[in-house]
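So for the sequence shown, numbering that gives the first Met the number 0 puts the first residue at 0; every next one is plus one.
Working notes for the structure below.
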Amino acid sequence: MARVKIEIRPLTIQMDGPLVLGTGFRRGLIHRTVERDADGFACIPASSLKGRVRRACEQLAKDVGLRVCHAPRPSGMCSAHKQACLVCRVFGAPGRGSNLRWQDARLPEVYRSAFKAIREAQFYARTQVQLSRALGTSAPERLFTSEFTVEDLHFASSITGWLEITPIAGDELTGGYEILLLIAGLRLINTIGGAASRGAGWISLTLPEKVRIGDMEVHWKKILENVELLRWYQEEKSYDN
Numbered sequence: 000m001a002r003v004k005i006e007i008r009p010l011t012i013q014m015d016g017p018l019v020l021g022t023g024f025r026r027g028l029i030h031r032t033v034e035r036d037a038d039g040f041a042c043i044p045a046s047s048l049k050g051r052v053r054r055a056c057e058q059l060a061k062d063v064g065l066r067v068c069h070a071p072r073p074s075g076m077c078s079a080h081k082q083a084c085l086v087c088r089v090f091g092a093p094g095r096g097s098n099l100r101w102q103d104a105r106l107p108e109v110y111r112s113a114f115k116a117i118r119e120a121q122f123y124a125r126t127q128v129q130l131s132r133a134l135g136t137s138a139p140e141r142l143f144t145s146e147f148t149v150e151d152l153h154f155a156s157s158i159t160g161w162l163e164i165t166p167i168a169g170d171e172l173t174g175g176y177e178i179l180l181l182i183a184g185l186r187l188i189n190t191i192g193g194a195a196s197r198g199a200g201w202i203s204l205t206l207p208e209k210v211r212i213g214d215m216e217v218h219w220k221k222i223l224e225n226v227e228l229l230r231w232y233q234e235e236k237s238y239d240n
């Protein structure tokens, strides 16, 4: 295995509607408030983006028959296990940190300038009623107010750091199974945050044309040409051992 430097920059997230990514705290009459950065602008925390991509990677790995641990429960994850699953090799686990740094997805300068004078213009409130899925009717005494961003914002993020890669059929030119899984997971996500059933959180994520892997720049489409080979990861690891 080789340890290589990775750079995926920029990741552009185009909202196809409003964003509802709650802080878990209320403010005044608003029960669910949207995440803000230190300057008061809407943002998507790195942990939320990473968690969403991890779930997509877990589903893909399961679909091709790979062993996947039971995140997010620490007792069910790989931790410091010598043979960590492919997902934990990319994203880390308790006792097994990841050397990839995910940046918060922030509004670009053109949006920050537009909202600088009135930051609250980024948001609006909507009062809703909780629905009972069992009965198909509104639940009694379940009125709440959520905060949404205005529609069609876009955000920019990046992923940089180091990965230990397992070459695909001995070829390190496309970054190995770890990069393949990460790129595939990024291409799979189409929602982030909550209220997707109400039309919020739908996104289009755009990768940079080329991904830096060590000293090389590789087109992400070239990496995904090997996606059918993901199923052979465990056999390749067994062969290496």
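Using N, Cα and C, we set each Cβ at its ideal position, and we do this for glycine too.
Classification of residue i by the beta-carbon crowding that lies within 10 angstroms, buried from 16 upward
i, result
"Tyr-176", "buried"
"Phe-40", "buried"
"Lys-115", "exposed"
"Gln-121", "buried"
"Ile-117", "exposed"
"Pro-73", "exposed"
"Pro-71", "exposed"
Option nearest residue i by Cα separation, candidates the options
i, options, result
"Glu-227", "Met-215, Ala-168 and Glu-216", "Ala-168"
"Ala-194", "Val-19, Glu-6, Thr-205 and Arg-66", "Val-19"
"Arg-105", "Ala-37, Pro-17 and Ser-145", "Ala-37"
"Gly-198", "Val-149, Val-3, Arg-100 and Gly-75", "Val-149"
Distance between beta carbons of residue j and residue i, contact taken as under 8 Å
i, j, result
"Tyr-123", "Phe-147", "6 Å"
"Leu-223", "Ala-183", "6 Å"
"Ile-5", "Ile-212", "6 Å"
"Ile-188", "Val-52", "6 Å"
"Ala-92", "Cys-77", "5 Å"
Which of helix, strand or coil DSSP assigns to residue i
i, result
"Pro-9", "strand"
"Leu-65", "coil"
"Ile-212", "strand"
"Ser-157", "strand"
"Ile-202", "strand"
"Arg-186", "helix"
"Arg-72", "coil"
"Leu-181", "helix"
"Ser-97", "coil"
"Phe-40", "coil"
- Any 3 or more C-beta pairs closer than 8 Å across the region 7 to 18 and the region 153 to 166: yes
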